[in-house]
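Peer 1: Let me begin by handing over the structure; questions about it come next.
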Amino acid sequence: MAIVAQTSKLGIYGRPALAWIVALVFFFPIFWLILTSFKTDADAVKPEFLFFFTPTLDNYLNMTENYDYWRFATNSVVTSVLATGVALFVGIPAAYAMAFNPARHTKDILMWMLSTKMLPAAAVLYPMTFLAKSLGIFDTHFAVILVLTLVNLPIVVWMLFTYFKEIPKDIIEAGQMDGVNTWGEIKEILIPLAWGGIASTALLCFIFCWNEAYWTVRLTTTEAATLSKLIEGNRAPEGLFFGRLSAVSAAAVGPIVVLGWFCQKQLVQGLTFGAVK
Amino acid sequence: MGQIVLKDVVKKFGDTEVIPPLNLTIEEGEFAVFVGPSGCGKSTLLRLIAGLEDTTEGQVLIDGEDMTEVSPSKRGLAMVFQSYALYPHMTVRKNIAFPMRMAGMSEDEQNIRIEAAAKSLNLTDYLDRKPGQLSGGQRQRVAIGRAIVREPSAFLFDEPLSNLDAALRVGMRLEISEMHKRLKTTMIYVTHDQVEAMTMADRIVVLQAGVIEQVGTPLELYHSPRNKFVAGFIGSPKMNLLEGAEAQKHKAHTIGIRPEHIKVSTKAVKGAWKGTVGVAEHLGSDTFIHIHGVEGCDPMTVRAAGDVAVKHGDKVYLTPEKSQIHKFDEAGLRI
Chain A
9 MAIVAQTSKL
19 GIYGRPALAW
29 IVALVFFFPI
39 FWLILTSFKT
49 DADAVKPEFL
59 FFFTPTLDNY
69 LNMTENYDYW
79 RFATNSVVTS
89 VLATGVALFV
99 GIPAAYAMAF
109 NPARHTKDIL
119 MWMLSTKMLP
129 AAAVLYPMTF
139 LAKSLGIFDT
149 HFAVILVLTL
159 VNLPIVVWML
169 FTYFKEIPKD
179 IIEAGQMDGV
189 NTWGEIKEIL
199 IPLAWGGIAS
209 TALLCFIFCW
219 NEAYWTVRLT
229 TTEAATLSKL
239 IEGNRAPEGL
249 FFGRLSAVSA
259 AAVGPIVVLG
269 WFCQKQLVQG
279 LTFGAVK
Chain B
93 MGQIVLKDVV
103 KKFGDTEVIP
113 PLNLTIEEGE
123 FAVFVGPSGC
133 GKSTLLRLIA
143 GLEDTTEGQV
153 LIDGEDMTEV
163 SPSKRGLAMV
173 FQSYALYPHM
183 TVRKNIAFPM
193 RMAGMSEDEQ
203 NIRIEAAAKS
213 LNLTDYLDRK
223 PGQLSGGQRQ
233 RVAIGRAIVR
243 EPSAFLFDEP
253 LSNLDAALRV
263 GMRLEISEMH
273 KRLKTTMIYV
283 THDQVEAMTM
293 ADRIVVLQAG
303 VIEQVGTPLE
313 LYHSPRNKFV
323 AGFIGSPKMN
333 LLEGAEAQKH
343 KAHTIGIRPE
353 HIKVSTKAVK
363 GAWKGTVGVA
373 EHLGSDTFIH
383 IHGVEGCDPM
393 TVRAAGDVAV
403 KHGDKVYLTP
413 EKSQIHKFDE
423 AGLRI
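Structure (structure tokens):
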């Protein structure tokens with residue numbers, strides 16, 4: 009009660025106001041992007057039409073008719089879903105082993121996995137492109153899924169490891185005593201118990217895969233190209249067409265923003281897991 | 093079914109040897125209790141039998157079969173953990189059914205066994221609840237139920253009552269003892285509580301630093317402890333150990349006398365030990381008197397039957413029962 013009484017008027021009105029300002033600052037570019045996507049390329053660069061203009065759907069129609077938006081979108085969905093699936097398929101047993109049967113070098117392995125994230129992607133650009141081309145997997149879904157999986161695997165294993173560590177070892181051991189084999193332990197005990205953590209890991213991995221641009225742009229041309237490639241492909245040599253580009257960008261980030269919006273509770277819970285105990 | 097043999101078993105964690113070469117046979121149908129202070133290796137020993145820890149050397153034989161390299165799931169043993177270790181995402185019914193489901197038992201058979209176990213453990217009304225909605229005692233009953241339905245060749249209990257309050261502990265102790273009488277299955281029970289050990293065991297294994305100090309029936313350990321450690325560990329309150337002149341009179345390095353084998357008197361008795369009352373604990377049925385100033389043992393504890401009217405500062409005279417004096421040599425071994 010004392011704390012409430014001490015809160016000044018500035019606190020009562022100031023904090024929400026500040027929160028709104030910060031939220032608006034962050035939201036403004038997205039808002040602008042969406043506004044611009046409804047302008048013609050000519051209007052898009054004119055400051056006087058910043059808020060007041062005649063909206064048009066041309067950019068979106070153009071995108072779906074001439075740029076094959078749905079193919080890129082399908083590729084994004086397919087590669088992100090499959091890469092997330094494979095990352096979990098490999099990551100869950102890996103994190104299980106490290107959490108419940110740690111060996112002498114488990115910590116080193118975890119650190120090493122994380123260290124791969126410290127390597128600048130550009131450093132392996134040539135070998136990767138060369139490998140993809142010589143193996144004949146350049147611009148295939150397989151290559152994109154493989155790379156997306158590998159790029160996100162360290163984060164997936166780390167996150168899952170942290171969740172699994174929270175499960176009492178006794179429960180896993182009780183399972184062993186009850187006659188369960190390793191796969192049974194994972195399926196019957198671990199996954200149901202760590203379901204929340206696995207879901208937020210999957211969600212985050214999916215978002216990372218969807219937003220990945222460095223590799224998807226460089227390892228694809230048309231067949232396996234994702235929405236990142238579509239945005240990148242709209243940099244025309246004769247200059248930037250802001251209306252068109254905005255429409256493509258909005259259509260590319262749209263699905264993931266909506267997904268994030270619906271799952272935000274799960275995401276926040278997942279990312280702050282274990283912080284308050 | 094259910095004979096367990098440990099043959100030259102050694103366990104090392106890194107370079108630390110927690111269990112030096114150890115041999116032990118637990119007979120079929122026996123209720124064996126491993127007892128010792130914390131860190132004595134009793135839980136490790138149980139986990140070696142369960143297969144949850146690998147043996148560094150030696151063999152674990154169950155019913156004559158070498159199980160050293162066999163995974164815990166295939167040893168045919170059931171374990172009850174201190175933390176209950178129930179599956180929190182499953183109802184009581186599913187928890188109890190779990191080992192049977194894993195063994196591929198038919199659902200009809202599962203239901204028959206669940207009902208029977210629930211009835212004997214007073215869990216019938218709770219079958220559809222989750223473990224989180226149960227009290228500690230009920231949870232431990234579920235854990236026991238989960239162990240019973242498998243009809244294992246032996247039950248392993250790892251300090252199962254330590255998380256329960258005192259009243260519940262006594263009740264559960266009796267239930268487990270009765271269960272053993274009924275099922276006649278081998279049981280190995282780990283505890284640091286010597287009262288549990290004395291009341292439940294057919295045979296007690298006293299451990300210290302991974303070494304078996306003595307194996308015997310509760311009364312064997314009580315009447316003829318092999319060394320000072322066992323003498324001090326078994327019995328409550330603890331045996332009084334005296335050194336010095338008094339011990340030399342009995343041609344021993346140390347003599348031991350249990351609190352219940354000392355007569356206390358407020359009137360002067362010839363040849364008695366003299367002391368001053370520090371604290372007197374009046375339990376009604378007994379009085380525990382802690383006495384200072386007795387040469388060679390401070391404080392000395394005396395257990396007198398009934399209520400004895402002594403208070404702090406009273407001078408008392410103590411007479412031990414001669415036949416109940418235990419003698420130990422310099423190495424602490426019984427003479």
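Protein sequence lines correspond, in order, to chains A and B.
Residue numbering for the first sequence follows my numbering, beginning at 9 and increasing consecutively.
Residue numbering for the second sequence follows my numbering, beginning at 93 and increasing consecutively.
Backbone N, C-alpha and C fix where the C-beta goes; we use that ideal spot for every residue, glycine too.
Jot down the residue ranges of each uninterrupted alpha helix (DSSP H) in the region 258-288 of chain B, minimum 4 residues, whole runs only, in chain order.
Peer 2: Those alpha helix (DSSP H) runs which fall completely within the region 258-288 of chain B and span 4+ residues are 258-275.
Peer 1: Of all Cβ atoms in chain A, is any one closer than 8 Å to the Cβ of Tyr-281/B?
Peer 2: For this step, residue 281/B is matched to residue 189 along the second sequence. Closer than 8 Å: no.
Peer 1: Using only the alpha-carbon positions, how far apart do Lys-173/A and Ile-354/B sit?
Peer 2: Position 165 of the first sequence, counted from the start, is the residue given in the question as residue 173/A. Position 262 of the second sequence, counted from the start, is the residue given in the question as residue 354/B. If you take the alpha carbons of Lys-173/A and Ile-354/B, they lie about 54 Å apart.
Peer 1: When the distance is taken between beta carbons, is Asn-332/B closer than 8 Å to Thr-411/B?
Peer 2: Taking the second sequence and counting its residues from 1, the one referred to as residue 411/B is at position 319. Taking the second sequence and counting its residues from 1, the one referred to as residue 332/B is at position 240. Contact flag unset, no.
Peer 1: Residues in the region 153-186 of chain A with C-beta within 7 Å of chain B's C-beta atoms, listed in sequence order?
Peer 2: Taking 7 Å as the Cβ-Cβ cut-off against chain B, the residues of the region 153-186 of chain A that qualify are Pro-176, Asp-178, Ile-179, Glu-181, Ala-182, Gln-184, Met-185, Asp-186.
Peer 1: Would you tell me roughly how many angstroms separate the C-alpha atoms of Thr-283/B and Met-264/B, rounded to the nearest one?
Peer 2: Position 191 of the second sequence, counting from 1, holds the residue named residue 283/B. Position 172 of the second sequence, counting from 1, holds the residue named residue 264/B. Roughly 14 Å separates the two Cα atoms.
Peer 1: Can you check whether the CB of Ala-337/B is closer than 8 Å to the CB of Gly-388/B?
Peer 2: Taking the first residue of the second sequence as 1, we reach residue 388/B at position 296. Taking the first residue of the second sequence as 1, we reach residue 337/B at position 245. The answer is yes: Cβ separation under 8 Å.
Peer 1: Assuming His-181/B and Leu-96/A are in contact, meaning their beta carbons sit under 8 Å apart, how far apart are those beta carbons, in whole angstroms?
Peer 2: In the second sequence, residue 181/B corresponds to position 89, counting from 1. In the first sequence, residue 96/A corresponds to position 88, counting from 1. Actually they are not in contact, since the Cβ atoms of His-181/B and Leu-96/A sit about 19 Å apart, beyond 8 Å.
Peer 1: Which full runs of the alpha helix (DSSP H) of 4+ residues lie inside the region 209-267 of chain A, going along the chain?
Peer 2: Whole alpha helix (DSSP H) segments, 4+ residues: 222-226, 235-241.
Peer 1: Please check the pair Phe-190/B and Arg-238/B, which I expect to be a contact at CB under 8 Å, by giving their CB distance rounded to whole angstroms.
Peer 2: Here the question's residue 190/B lines up with position 98 in the second sequence. Here the question's residue 238/B lines up with position 146 in the second sequence. Correct: roughly 7 Å between the Cβ atoms.
Peer 1: Between Lys-177/A and the rest of its own chain, which residues show a CB-CB distance below 7 Å, the 5 nearest in sequence each way excluded?
Peer 2: Looking up residue 177/A in the first sequence gives position 169. For Lys-177/A, where only same-chain residues beyond five positions count, the Cβ hits under 7 Å are Phe-108.
Peer 1: Which whole-angstrom value describes the C-beta separation of Pro-310/B and Ala-293/B, a residue pair presumed to lie in contact below a C-beta threshold of 8 Å?
Peer 2: Sequence index remark: in the second sequence, residue 310/B carries index 218 (1-based). Sequence index remark: in the second sequence, residue 293/B carries index 201 (1-based). Yes, Pro-310/B and Ala-293/B are in contact; Cβ-Cβ is about 6 Å, under 8 Å.
Peer 1: Using the beta-carbon of each residue, which ones in chain B are nearer than 7 Å to Gly-205/A?
Peer 2: Within the first sequence, residue 205/A is the residue found at index 197, counting from 1. Within 7 Å Cβ-Cβ: nothing; Gly-205/A doesn't reach chain B, min ~13 Å.
Peer 1: Using DSSP's beta-bridge definition, name the partner residues of Phe-420/B.
Peer 2: Taking the second sequence and counting its residues from 1, the one referred to as residue 420/B is at position 328. Paired residues: Thr-346/B, Arg-426/B.
Peer 1: Of all the residues that make up the region 201-227 of chain A, which are near chain B by a beta-carbon distance shorter than 7 Å?
Peer 2: Hits within the stretch, in order: Leu-201.
Peer 1: Counting only the same chain and skipping the five closest in sequence on each side, list residues whose C-beta sits under 6 Å from that of Val-213/B.
Peer 2: As a first step, residue 213/B must be located in the second sequence, where it is residue number 121. What sits at residue 213/B in the sequence shown is Leu, not Val. Within the same chain, Leu-213/B has close Cβ partners Arg-233, Gly-237.
Peer 1: Under a Cβ-count criterion, where at least 16 other Cβ atoms within 10 Å of its own Cβ denotes burial, should Phe-105/B be classed as buried or exposed?
Peer 2: Numbered from 1 along the second sequence, position 13 holds the residue referred to as residue 105/B. Per the 10 Å Cβ criterion, exposed.
Peer 1: Can you confirm whether the region 59-79 of chain A touches the region 132-143 of chain A when touching is taken to mean that 3 or more C-beta pairs between the two stretches lie within less than 8 Å?
Peer 2: Cβ pair count under 8 Å is below three, so no.
Peer 1: With distance defined between alpha-carbon atoms, name the residue in Leu-161/A, Leu-127/A, Ile-194/A nearest to Val-98/A.
Peer 2: Start at 1 with the first residue of the first sequence, and residue 98/A comes out as number 90. Nearest C-alpha to Val-98/A: Leu-161/A.
Peer 1: Taking 8 Å as the CB-CB limit, is Met-194/B close to chain A?
Peer 2: Against the second sequence, residue 194/B aligns to sequence position 102. Met-194/B counts as touching chain A.
Peer 1: Is DSSP giving Lys-176/B helix, strand or coil here?
Peer 2: As a working mapping, residue 176/B is identified with position 84 in the second sequence. Rather than Lys, the amino acid found at residue 176/B in this sequence is Tyr. The answer is coil: DSSP assigns Tyr-176/B none of H, G, I, E or B.
Peer 1: Under DSSP, the alpha helix (DSSP H) around Ser-357/B begins and ends at which residues?
Peer 2: Reading the second sequence from its first residue, position 265 is the one you call residue 357/B. Segment 354-357 is the beta strand (DSSP E) holding Ser-357/B; no alpha helix (DSSP H) there.
Peer 1: How many whole angstroms separate the CB atoms of Arg-205/B and Met-192/B, which I take to be in contact at a CB cut-off of 8 Å?
Peer 2: The residue given as residue 205/B occupies position 113 in the second sequence. The residue given as residue 192/B occupies position 100 in the second sequence. About 7 Å; that satisfies the 8 Å criterion.
Peer 1: Just how far apart, CA to CA, sit Ser-214/A and Ala-182/A?
Peer 2: For the purposes of this step, residue 214/A is taken as residue 206 along the first sequence, with counting starting at 1. For the purposes of this step, residue 182/A is taken as residue 174 along the first sequence, with counting starting at 1. One detail in the question is off: residue 214/A reads as Phe in this sequence, not Ser. The straight-line gap from Cα to Cα measures roughly 33 Å.
Peer 1: Identify which residue in Leu-219/B, Ser-198/B, Arg-167/B, Thr-160/B has its Cα closest to the Cα of Arg-185/B.
Peer 2: Counting from one through the second sequence, the residue named residue 185/B turns up at place 93. Among Leu-219/B, Ser-198/B, Arg-167/B, Thr-160/B, the Cα nearest to that of Arg-185/B is on Leu-219/B.
Peer 1: Helix or strand or just coil, what does DSSP make of Ala-283/A?
Peer 2: In the first sequence, counting from the first residue as 1, residue 283/A sits at position 275. Note that Ala-283/A scores a pLDDT of 41, beneath 50, so its modelled location is shaky and nothing firm can be said.
Peer 1: Tell me the DSSP secondary structure of Val-152/B in three-state form.
Peer 2: Here residue 152/B is taken as the residue at index 60 of the second sequence, counted from 1. Strand, per DSSP.
Peer 1: Can you tell me whether Ala-10/A is helix, strand or coil according to DSSP?
Peer 2: As a working note, residue 10/A is residue 2 in the first sequence. Its pLDDT being 47, under 50, Ala-10/A is placed unreliably in this model, and the value from its coordinates should be taken loosely. Correct three-state label for Ala-10/A: helix.
Peer 1: Give me whichever residues DSSP pairs with Gln-300/B in a beta bridge.
Peer 2: As a working mapping, residue 300/B is identified with position 208 in the second sequence. According to DSSP, Gln-300/B bridges with Val-303/B.
Peer 1: List the DSSP bridge partners of Asn-332/B.
Peer 2: For the purposes of this step, residue 332/B is identified with residue 240 of the second sequence, where counting begins at 1. Answer by DSSP bridge pairing, in chain order: Ile-349/B.
Peer 1: Among residues of its own chain, excluding the 5 on either side of Tyr-171/A, which ones have a beta-carbon nearer than 6 Å to its beta-carbon?
Peer 2: Counted from its first residue, the first sequence places residue 171/A at position 163. Cβ within range, chain order: Ala-202, Gly-205.
Peer 1: I'd like the span of the beta strand (DSSP E) that includes Gly-370/B, first residue to last.
Peer 2: Translated into the one-based positions of the second sequence, residue 370/B becomes position 278. Residues 365-374.
Peer 1: So Ser-257/A packs on Leu-32/A, CB below 8 Å; how close in whole Å?
Peer 2: Taking the first residue of the first sequence as position 1, residue 257/A is located at position 249. Taking the first residue of the first sequence as position 1, residue 32/A is located at position 24. Not really, about 20 Å apart at Cβ, beyond 8 Å.
Peer 1: Using DSSP with H/G/I as helix, E/B as strand and the rest coil, what is Lys-403/B?
Peer 2: Residue 403/B sits at position 311 when you count from the first residue of the second sequence. Lys-403/B: coil per DSSP, three-state reduction.
Peer 1: So is Met-159/B in contact with chain A if we call contact Cβ pairs under 8 Å?
Peer 2: Numbered from 1 along the second sequence, position 67 holds the residue referred to as residue 159/B. Not an interface residue.
Peer 1: Going by beta-carbon coordinates alone, are Phe-39/A and Thr-64/A separated by less than 8 Å?
Peer 2: Taking the first residue of the first sequence as 1, we reach residue 39/A at position 31. Taking the first residue of the first sequence as 1, we reach residue 64/A at position 56. Taking 8 Å as the Cβ cut-off, Phe-39/A and Thr-64/A do not qualify as a contacting pair.
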